[in-house]
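Here's the structure we're looking at; comments come further down.
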Amino acid sequence: MKSQNLVIGTIFSDVTSVTNFFQNTCGITPEEKQLSVSGRNWGEVDLNGDMLAFLVGSKQAFEVSLADVSQTQLQGKNDVILEFHVDDTTGANEKDSLMEISFHIPNSNTQFVGDENRPSAQVFRDKIMSMADVGAGGEEAVVTFEGIAILTPRGRYNVELHLSFLRLQGQANDLKIQYSSVVRLFLLPRFSS
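Structural data, given as structure tokens:
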């Protein structure tokens, strides 16, 4: 079984017996962790393995798996948007799920240092892309088309066709779209001048 963190809250009256149970049954050593519940929306990002943790002070506010990231976008010069895989097989009455999260990365930060050609937000996005499975993965592209003009999302993209998905790679967007999610394609006529 994979080693993982387990957060034990104050709902357990006997932490020792719960710890012993997990050690003996699962081979996991639980640890007690203080969480941030202050409501602050600024802090630091800790990238560890395939997990992204948001820290307020030295306490963890939340943690998300980078394996769940489906695409990243650079919004303006300082914002990075992470979009997550959506399970479209769940019903309307199912629980809420995280669709996207946005990070504002000011150029004055000391964690993701950029320069005039590559802002700090781009450094953060590149780090996320290297750790998350938003690229082609292990599957090689069957065919690649370069510089294709697309109306939505607007821009020029390199289009990679893989066996089970297509990838649109632009300057600000890197999109991975499963073929099963495509409902319609439109080929728009070109205006002749």
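UniProt numbering numbers the first residue of the sequence shown as 1 and each following residue consecutively. Glycine is no exception: its CB is placed at the ideal position from the N, C-alpha and C atoms.
Check: With 16 other CB atoms within 10 Å as the buried threshold, where does residue 184 fall?
Finding: Position 184 of the sequence shown, counted from the start, is the residue given in the question as residue 184. With fewer than 16 Cβ atoms within 10 Å of its Cβ, residue 184 is classed as exposed.
Note to self: Less than 8 Å between the beta carbons of residue 52 and residue 125, yes or no?
What the structure shows: As a working mapping, residue 52 is identified with position 52 in the sequence shown. As a working mapping, residue 125 is identified with position 125 in the sequence shown. Result no, Cβ atoms of residue 52 and residue 125 do not sit closer than 8 Å.
Check: What span of residues does the alpha helix (DSSP H) with residue 124 cover, start to end?
Finding: Counted from its first residue, the sequence shown places residue 124 at position 124. Run containing residue 124: 120–131, per the alpha helix (DSSP H) assignment.
Margin query: Please state the DSSP three-state secondary structure of residue 177.
Written below: The sequence position of residue 177 within the sequence shown is 177, counting from 1. Note: residue 177 maps to strand in three-state DSSP.
Check: To the nearest angstrom, how far is it from the Cα of residue 175 to the Cα of residue 167?
Finding: Residue numbering aside, residue 175 sits at position 175 when the sequence shown is read from its first letter. Residue numbering aside, residue 167 sits at position 167 when the sequence shown is read from its first letter. Taking the straight line joining both Cα atoms gives about 6 Å.
Notebook entry, point to check: From which residue to which residue does the beta strand (DSSP E) around residue 72 run?
Noted result: On the sequence shown, residue 72 is found 72 positions in, with the first residue counted as 1. Here the beta strand (DSSP E) through residue 72 covers 69–75.
Item checked: heavy atom of the ligand GDP below 7 Å from residue 174 C-beta -> Ligands displayed in this structure: none; no statement on the ligand GDP is therefore possible.
Next item on the list: Check the DSSP bridge columns for residue 155 and list the partner residues they point to.
Entry: Working through the sequence shown from its first residue, we reach residue 155 at position 155. Partner(s): 150.
Item checked: residue 164 versus residue 140 - alpha carbon distance -> Locating residue 164 in the sequence shown gives position 164, where the first residue counts as 1. Locating residue 140 in the sequence shown gives position 140, where the first residue counts as 1. Rounded to whole angstroms, residue 164 to residue 140 spans 11 Å at the Cα level.
Check: In terms of alpha-carbon separation, which member of 65, 188, 113 and 70 lies closest to residue 169?
Finding: Counting from one through the sequence shown, the residue named residue 169 turns up at place 169. With distances taken between Cα atoms, residue 169 lies closest to 70.
Item checked: Terminal residues of the beta strand (DSSP E) in which residue 117 lies -> On the sequence shown, residue 117 is found 117 positions in, with the first residue counted as 1. Run containing residue 117: none; DSSP gives neither H nor E here.
Checklist line | Cα-Cα separation between residue 50 and residue 66, rounded to whole angstroms | finding: Against the sequence shown, residue 50 aligns to sequence position 50. Against the sequence shown, residue 66 aligns to sequence position 66. For residue 50 and residue 66, the distance between alpha carbons rounds to 5 Å.
Note to self: Quick check: what's the CA-CA separation for residue 136 versus residue 15?
What the structure shows: For this step, residue 136 is matched to residue 136 along the sequence shown. For this step, residue 15 is matched to residue 15 along the sequence shown. Interpretation of residue 136 is limited by its pLDDT of 47, a score under 50 that renders its predicted location unreliable; the figure taken from the coordinates is listed afterwards. Computed Cα separation, rounded: 44 Å.
Notebook entry, point to check: So residue 46 and residue 55 are in contact, right, with Cβ under 8 Å, and what is the actual spacing, rounded?
Noted result: Counting from 1 along the sequence shown, the entry for residue 46 is found at position 46. Counting from 1 along the sequence shown, the entry for residue 55 is found at position 55. That pair is a contact at about 6 Å.
Next item on the list: Count the C-beta pairs between the stretch 109–122 and the stretch 75–86 that are closer than 8 Å, then say yes if the count reaches three, no if not.
Entry: yes
Note to self: If distances are taken between C-alpha atoms only, which option among 106, 72 and 64 comes closest to residue 97?
What the structure shows: In the sequence shown, the residue the question calls residue 97 occupies position 97. Selected option, being the one with the closest Cα: 64.
Check: Is DSSP giving residue 66 helix, strand or coil here?
Finding: Here residue 66 corresponds to residue number 66 of the sequence shown, with the count starting at 1. The answer is helix: DSSP assigns residue 66 an H, G or I state.
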